[in-house]
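Which chain is which? The protein sequence lines are A and B, in order.
Residue numbering for the first sequence follows numbering that gives the first Met the number 0, starting at 0 and increasing by one per position.
Residue numbering for the second sequence follows numbering that gives the first Met the number 0, starting at 0 and increasing by one per position.
Using N, Cα and C, we set each Cβ at its ideal position, and we do this for glycine too.
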Amino acid sequence: MTTLIAWRNLIHDPVRFAATLIGIIFSVVLMAVQAGMLLGFAETTTGLVRQSRANIWLVPRGTTNVDQSAILPQRTYFQALKTAGVAEAARHIVRFVSWRLPRGGSQLVIVVGFDPVSGLAGPWNVVEGSVAALSAPHMVMIDRLYAAKLGVRAIGDSVEISGRRAIVAGFTQGARTFTQAPYVFTSYANALRYTEVLDGDASYVLVRAQPGIALAPLVARLQAAAPNTDVMTAEAFAAKTRDYWIFTTGAGSALIMGASLGALVGIVIVAQTLYAATLERIGEYATLAAIGAGHGYLSAIVIKQALICGAAGYGIAALVALSIAFAARGAPAAILFTPSALGLLAVAALLMCCLSALIAIRKLSTIDPTSVFR
Amino acid sequence: MSEADRSIRVEAAELRYGRADTGTHALRGVSLQAMPGEVLMIRGPSGSGKTTLLQLMGALKTPDKGMVSICGETTGGCSAAALRSLRLRRIGFVFQFFNLFPTLSAWENVAIPLDIRGVPRQDSERAARAMLEEVGLGDRADFKPGQLSGGQRQRVAVARALMNEPDVILADEPTAALDGVNGAIVIAALRRLAHRKGRVVVVVSHDQRLQDQVDRCITIEDGLVVATPAPPAPFSPRRVSESIG
Ligand SMILES: Nc1ncnc2c1ncn2[C@@H]1O[C@H](COP(=O)(O)OP(=O)(O)O)[C@@H](O)[C@H]1O
Ligand SMILES: [Mg+2]
């Protein structure tokens, strides 16, 4: 019956109910988009590492993220190759360079030079052209998302990177970059021409372990073999990169602030609705108290109003958020939703509504049942 | 259970609003007894303490001094929760302005006391519809209060007051918002409860017309009872009507 009373109380004033729902939807969508962007950032920043198919990365001492690093000397590669348990090792270049735009001016890009033999940390989601083609001189591959930005229309377009000629040999789809400097995939050999990296040196040395080899001891062996590097699993390097971009740059705090603001807006709107609705019906609550209803019974009516608002608002908001994510699938900043994120958001929305109910519930505890007889 | 256990006894009850020196001494030593099977009317001028007395008899308040016992349970010193439980089990309230939930249907309103006690919905609906049948509103069970006349609303309120089979029905000006015909119907319903079911029925009212429809009439003035005829023998549907002043 408390559910029924809660529901009827809400629909009794449809305008206020609708306004409340819109407030909750706004608030939850705001939270959802912030959370989705955070997840999108996490995905974007770690793409190169997660898609590398390498188990272990040897990186220059003190490297904080995959996009920026110093240079490893050639001997690191051989130190890795000689280590027991290593199936494959590959030199890998990641460097910021300048891309000349056909309409004039230039754009910062990140040249990703991978080893075509091992194929580790090459392009992923290739939709046009072939990875094998990148072994030929001048051949590069970019992502469709950035084609317009880089002034590229189709395979075969001739472009200029670091003052040298390059030819677009293919496209990936969804290989996003967090830094807004698009990835330009090419072979290690080609990359040497576009960067200041000396032949034999590399940004990273990537390792594939032999099947069945435990990673932790292998990391330790590699660290001992190449003491002037940081050795870590791909997973650890991905996490490090993600935390660097999300937290060190303030992007994460901005998103968390945005989400908190969304929650605050929601709490204020729901709280004011519940309070007004409770105040309006204070006589009815007093009647219930006189008849013998306890504080729990009265609170249940308010809490259920909060939960109904929260559930309905969340349902609509989730749909809106998913549509926004769908619409943003071609945008440079990905908005991602995982089922667990949506679940967490539901909990947050309901928690938010329950929190908003507290003021109204406090009001209920001041109800004087004697007020029914005056 | 003896008859005495089902009465309301008020002994030398005092109640003061506000501070001891400047507050209103609303009840200044009231004693009375309301017996099962009788309709007791409490009347008196405005501000004389009728409502306060009804609040004591309904376990909504406890006296500052003196004693109130409802069906053998003394209210003094009880916690708010204990008073609430006493009200829920023992007392049915009827209000001047009905105090129905406008968004609930008649039967839903009537079922509320059962719901508070945790009775499953199916059972409470059946009982509520049966109770509405008893007050002659079986065909109005699914109507909202807004679709009912004043008299019908008050009968819904009476049905609600009866749901927990209370020993005591307390009514504050139950006819004040009704016309003569509807007022008479409601009073007749309360009389039947007292006389046929042996309930204690206490009615606070200004309404002169009620005086010859109740069994006994007490007048209070300035927080004191000014005339208390002896209570009637239990279950004797004797009609006593005394007017003082
Ligand atoms: N809540 C209250 N606070 C202060 N004074 C009150 C309160 N309720 C009643 N009184 C005072 O107590 C006296 C008795 O009131 P009440 O019991 O309502 O009388 P009646 O119902 O006969 O009009 C009046 O003087 C009234 O002003
Ligand atoms: Mg009064």
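Suppose contacts are defined by Cβ-Cβ distances below 7 Å. Is residue i in contact with residue j by that definition?
| i | j | result |
| --- | --- | --- |
| Ala170/B | Val202/B | yes |
| Met0/A | Asp114/B | yes |
| Ile186/B | Gln212/B | yes |
| Ala12/B | Gly65/B | yes |
| Tyr284/A | Ile366/A | yes |
| Leu37/A | Leu344/A | no |
| Leu177/B | Gly149/B | yes |
| Leu55/B | Val67/B | yes |
| Phe92/B | Ala158/B | no |
| Ala180/A | Asn54/A | no |
| Ile168/B | Ile69/B | no |
| Leu87/B | Gly293/A | no |
| Ala224/A | Gln78/A | yes |
| Gly251/A | Ile24/A | no |
| Val108/A | Val183/A | yes |
| Gly36/B | Ala188/B | no |
| Gly309/A | Ala348/A | yes |
Short of 7 Å in beta carbon distance, which residues of its chain neighbour residue i, apart from the five on each side in sequence? Order them along the chain.
| i | result |
| --- | --- |
| Ile243/B | Low confidence applies here, because Ile243/B scores a pLDDT of 32, under 50, leaving its location unreliable and the question unanswered by this model. |
| Tyr76/A | Ala88, Arg90, Ala201, Val204 |
| Ser355/A | Ile266, Val269, Ala270, Leu273, Ala305 |
| Gln151/B | Leu136, Arg139 |
| Phe94/B | Ala156, Asp171 |
| Gly17/B | Thr23 |
List the endpoints of the continuous beta strand (DSSP E) containing residue i.
| i | result |
| --- | --- |
| Leu203/A | In the sequence on display, residue 203/A carries Tyr and not Leu. That run of the beta strand (DSSP E) goes 203-208. |
| Glu127/A | 125-128 |
| Lys64/B | 64-69 |
| Arg99/A | 85-99 |
| Val158/A | 157-160 |
| Met34/B | Counting along the chain, Met34/B falls outside any beta strand (DSSP E), and DSSP gives it neither H nor E. |
| Thr218/B | 215-220 |
| Arg5/B | That residue, Arg5/B, is in no beta strand (DSSP E); it is neither H nor E in DSSP. |
| Leu107/A | 105-113 |
Just curious, the alpha helix (DSSP H) that residue i is in, first and last residue?
| i | result |
| --- | --- |
| Val76/A | The sequence shown places Tyr at residue 76/A, not Val. It spans 73-81 - the alpha helix (DSSP H) in which Tyr76/A sits, taken as one unbroken run. |
| Cys353/A | 338-363 |
| Tyr274/A | 250-279 |
| Cys308/A | 294-326 |
| Trp6/A | 1-11 |
| Glu107/B | 105-115 |
| Arg245/B | The structure shown does not extend to residue 245/B, since chain B is modelled only from 0 to 244, so the question has no answer here. |
| Arg83/B | 79-89 |
| Leu223/B | Per DSSP, Leu223/B belongs to no alpha helix (DSSP H); it is in the beta strand (DSSP E), 223-226. |
| Gln54/B | 49-56 |
| Leu144/A | 143-146 |
Which same chain residues, not among the five before or five after residue i, have their C-beta less than 8 Å away from its C-beta?
| i | result |
| --- | --- |
| Phe177/A | Phe40, Thr43, Thr44, Asp66, Trp244 |
| Gly117/B | none |
| Ile166/A | His137, Met138, Val139, Gly155, Asp156, Ser157, Val158 |
| Cys77/B | Ala58, Thr61, Leu85 |
| Arg220/A | Thr82, Ala83, Gly84 |
| Thr194/A | Ile92, Arg94, Val96, Val110, Gly112, Ser161 |
Quick one: residues in its chain with C-beta nearer than 6 Å to the C-beta of residue i, no 5 flanking neighbours on either side, listed in chain order?
| i | result |
| --- | --- |
| Met351/A | Ala262, Gly265, Ile266 |
| Thr171/A | Pro122, Asn124, Val125, Asp142 |
| Gly28/B | Ala11, Glu13 |
| Thr185/A | Gly112, Leu133, Val139 |
| Ala190/A | Ile92, Val110, Gly112 |
| Ser117/A | Glu87, Ala89 |
| Pro216/A | none |
Closer than 6 Å to a non-hydrogen atom of ligand 4 - does that hold for the CB of residue i?
| i | result |
| --- | --- |
| Ala25/B | As far as ligands go, the structure on display features ligand 1 and ligand 2 and does not contain ligand 4. |
At 8 Å on the CB atoms, spell out the chain E contacts of residue i, in chain order.
| i | result |
| --- | --- |
| Ala12/B | Although the question refers to chain E, the structure presented lacks it and instead comprises the protein chains A and B. |
- Item | In chain order, each beta strand (DSSP E) run of at least 3 residues that lies wholly inside the segment 172-238 of chain A | Entirely contained in the segment 172-238 of chain A, the beta strand (DSSP E) runs reaching 3 residues are, in chain order, 182-186, 203-208, 228-232.
- Message: Along the segment 36-69 of chain B, where does the CB come closer than 7 Å to a CB of chain A? Name the residues.
- Response: So the list reads Thr50, Leu53, Gln54, Leu59, Lys60, given in the order they occur along the chain.
- Proximal residues, the segment 90-105 of chain B versus chain A, C-beta separation under 7 Å: Phe92, Phe94, Asn98, Phe100, Thr102, Leu103
- Query: the segment 269-286 of chain A: which residues have C-beta closer than 9 Å to a C-beta of chain B, in chain order?
  - Reply: Arg280, Gly282, Glu283, Ala285, Thr286
- Using a Cβ cut-off of 7 Å, which residues of the segment 49-82 of chain A contact any Cβ in chain B, in chain order? none
- Task: Please list the residues of the segment 171-194 of chain B that have a C-beta atom closer than 8 Å to any C-beta atom in chain A, keeping them in chain order.
- Result: Taking 8 Å as the upper bound on Cβ-Cβ separation, chain A lies near residues Asp171 of the segment 171-194 of chain B.
- Message: Please list, in chain order, the residues of the segment 288-299 of chain A that have any C-beta partner in chain B closer than 8 Å.
- Response: Ala288, Ala289, Ile290, Gly291, Ala292, Gly293, Tyr296
- Item | Against chain A: residues of the segment 133-149 of chain B by CB proximity under 9 Å | none
- Residues of the segment 5-39 of chain A with Cβ closer than 7 Å to any Cβ of chain B, in chain order: Arg7, Asn8, His11
- Task: Please go through the segment 140-198 of chain B and give each complete beta strand (DSSP E) segment of 3 or more residues, from N-terminal end onward.
- Result: 167-171
- Taking a cut of 7 Å between CB atoms, which residues from the segment 235-268 of chain A lie near chain B? The residues in question: there are none.
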